[in-house]
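Structure, as structure tokens:
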Amino acid sequence: MPASLTITFTNRILQGAAASLLVLALAGCSTTKDRMTTGSVPKLTKPVEEMDATELRSATDRLGQAYEKNPRDPVTGVNYANLLRMNGRDTQALAVMQQVAIANPGDRNVLAAYGKAQAAAGQFQQALDTIGRAQTPDRPDWKLISAQGAILDQMGRASDARQRYRDALDIQPNEPSILSNLGMSYVLTGDLRTAETYLRSAASQPTADSRVRQNLALVVGLQGRFPEAEQIARRELSPQQADANVAYLRGMLPQQNSWQKLAAKDKTSGAADNSNTN
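If you read the sequence shown in the working numbering, its first letter stands for residue 357, the second for the next number, and so on.
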């Protein structure tokens, strides 16, 4: 692979890496795709993960108009906030969800989406509290449990996060989104080999979607196997879909310091390995 292509792909991986952790867990709380067919809410022409930046902006504008007409409607508000976040407008998404939550204080889906918006805006403890209120002890939702794990990981509480993922797996065994987030948890602490094991397991599940395989590509790339990583990443995505994925990831939680430390650690380890072989 040409050096310039390797550098470009590496940068792309590192920029989206920390953001990837919450994509699956939090998107599962109340997805735009799942709820976009209710009532008079405008319908999407394709899944959001396949949209390019122009399509995302167009969908956001249409949902914004619907929200302005009825800002108390929970379905409209949740979907509009989701799209705002995918466009990187986290502060506006949080403001929308605050209003929707006030108007619908007992709606479980609204609480879950509100917690998601808080997490995207960096309000981790508030997000945990809100998602906790959305949970019902007699009928626990694995998606919410996994979302809590992802938030705990962003707070640096890896042990607590992994226990949450395992709790979620007890309810939903072999669920690829949980396995993917568990793998990404190990990436955050620099254990790339364990991360790859979980991500390969996630990607092998029949219900695994593109985002799981993109996380696998990420971890393979972080280990320096760039041709293999790029092959995985491009296996099922058009350039437009790849652009949409980047836009989606940018709407999640960046943790640049953690990834800079990981990159430095990886570089130091590589230098040590080279010196030992000389």
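Idealized CB from N, CA, C, for every residue including glycine.
Cβ contact (3+ pairs, closer than 8 Å) linking the segment 524–533 and the segment 558–574: yes
Residue closest to residue 575, alpha-carbon to alpha-carbon, out of 567, 566 and 585: 585
Which of helix, strand or coil DSSP assigns to residue 560: coil
Those runs of the alpha helix (DSSP H) which lie wholly inside the segment 527–595 and span at least 4 residues: 532–544, 548–559, 566–578 and 582–590
Where the alpha helix (DSSP H) containing residue 465 begins and where it ends: Its alpha helix (DSSP H) spans residues 464–476.
Pairwise C-alpha distance: residue 517 and residue 497: Rounded to whole angstroms, residue 497 to residue 517 spans 16 Å at the Cα level.
Close beta carbons around residue 568, own chain, < 6 Å, minus the five adjacent residues each side: 532, 536, 558 and 559
DSSP-derived helix/strand/coil call for residue 387: With a pLDDT of only 38 at residue 387, under 50, the local geometry of the prediction cannot be trusted, and the value read off the model is given with reservation. Three-state result, residue 387: coil.
Residues near residue 386 in its chain [Cβ-Cβ closer than 6 Å; skip 5 each side]: For residue 386, the pLDDT reaches just 39, beneath the cut-off of 50, and the residue's location in the model is therefore unreliable, leaving the point undetermined.
Length of the line joining the Cα atoms of residue 448 and residue 457: 14 Å
Span separating the alpha-carbon of residue 582 from that of residue 545: 21 Å
Collapsed DSSP secondary structure at residue 482 in the structure displayed: Of the three classes helix, strand and coil, the one that applies to residue 482 here is helix, per DSSP.
C-beta atoms of residue 524 and residue 501 nearer than 8 Å: yes
Status (buried if at least 16 other CB within 10 Å, exposed otherwise) for residue 541: Label assigned to residue 541: buried.
Nearest to residue 499 (by Cα), restricted to the options 481, 478, 522 and 482: 522
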